[in-house]
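Asker: If you use the numbering used here, the sequence shown closes out at 152, no skipped numbers anywhere.
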Amino acid sequence: MDKPTALLRMCAAEFLALFLFVVLSCGSALVPGATGTSISLSFGFTILALGHCFGPISGGHINPAVTIALTAAQKVDPLRCVCFIFAQVLGAVSGAATLYGVMDKELRGCLGSNMVADGYEVGQAFGLELVTTFVLVLTVFATTDVK
Numbered sequence: 006m007d008k009p010t011a012l013l014r015m016c017a018a019e020f021l022a023l024f025l026f027v028v029l030s031c032g033s034a035l036v037p038g039a040t041g042t043s044i045s046l047s048f049g050f051t052i053l054a055l056g057h058c059f060g061p062i063s064g065g066h067i068n069p070a071v072t073i074a075l076t077a078a079q080k081v082d083p084l085r086c087v088c089f090i091f092a093q094v095l096g097a098v099s100g101a102a103t104l105y106g107v108m109d110k111e112l113r114g115c116l117g118s119n120m121v122a123d124g125y126e127v128g129q130a131f132g133l134e135l136v137t138t139f140v141l142v143l144t145v146f147a148t149t150d151v152k
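As structure tokens, then:
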């Protein structure tokens, strides 16, 4: 069990990490002339930098799926899981609200969120999200294994 001040510090780190991730990554999709490559690089380098910044503080989960997986593997206690997910969701929503507030109305679009592309079914998109989330969680487990 974490001390209350330590847990608060970790939750603040997860909040800030998600806030910055949404503002920087989703914000990159709103830039006029952004390409798939530039957006992908923005997402990748942003998560890399944030993982290094916040990893020593909170573990750098930066994703509720990662937090849930680590809890299922008994590497994170349930209280921390709930607190982290609350902080992560609040950080992501705050980041989206910030983007909404600072972007011109013409550039807002869907705030850089994912959409199901034309020609694809919702089930296909869900399956792809499931597989890519599994790869993300697998990567986290592989890179944090101390063996």
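Glycine included, every Cβ here is placed at the ideal spot set by N, Cα and C.
Nothing here was measured: the structure is a model prediction, and the numbers come from that model.
Mind checking Glu126: buried by the 16 CB within 10 Å criterion, or exposed?
Answerer: Walking along the sequence shown from the start, residue 126 turns up at place 121. Result: exposed.
Asker: With a floor of 3 residues, list each beta strand (DSSP E) that falls wholly inside the region 63 to 129, ordered by position along the chain.
Answerer: DSSP runs (the beta strand (DSSP E)) wholly in the region 63 to 129: none.
Asker: At the level of alpha carbons, what is the spacing between Leu104 and Arg113?
Answerer: As a working note, residue 104 is residue 99 in the sequence shown. As a working note, residue 113 is residue 108 in the sequence shown. Spanning the two alpha carbons is a distance of roughly 8 Å.
Asker: May I ask you to report which of helix, strand or coil DSSP gives Pro37?
Answerer: The residue given as residue 37 occupies position 32 in the sequence shown. In the structure shown, Pro37 sits in coil (DSSP, three-state: anything other than H, G, I, E or B).
Asker: Go to Leu25, then tell me how far its alpha helix (DSSP H) extends in each direction, as first and last residue.
Answerer: Along the sequence shown, read from residue 1 onward, the residue named residue 25 stands at position 20. From DSSP, the alpha helix (DSSP H) with Leu25 extends over 9 to 26.
Asker: I'd like to know whether the C-beta atoms of Thr76 and Cys86 end up nearer to each other than 7 Å.
Answerer: Taking the sequence shown and counting its residues from 1, the one referred to as residue 76 is at position 71. Taking the sequence shown and counting its residues from 1, the one referred to as residue 86 is at position 81. Closer than 7 Å, so yes.
Asker: Can you tell me whether Thr72 is buried or exposed? The criterion is at least 16 other CB atoms within 10 Å of its CB, across all chains shown.
Answerer: One-based indexing of the sequence shown puts residue 72 at position 67. Result: buried.
Asker: Among Pro61, Leu35, Thr137, which one has its Cα closest to the Cα of Lys110?
Answerer: Residue mapping note: residue 110 aligns to position 105 of the sequence shown, counting from 1. Selected option, being the one with the closest Cα: Leu35.
Asker: In its own chain, which residues sit with a C-beta less than 6 Å from the C-beta of Ala74, not counting the 5 before and 5 after it?
Answerer: Here the question's residue 74 lines up with position 69 in the sequence shown. Same-chain partners within the cutoff: Val142.
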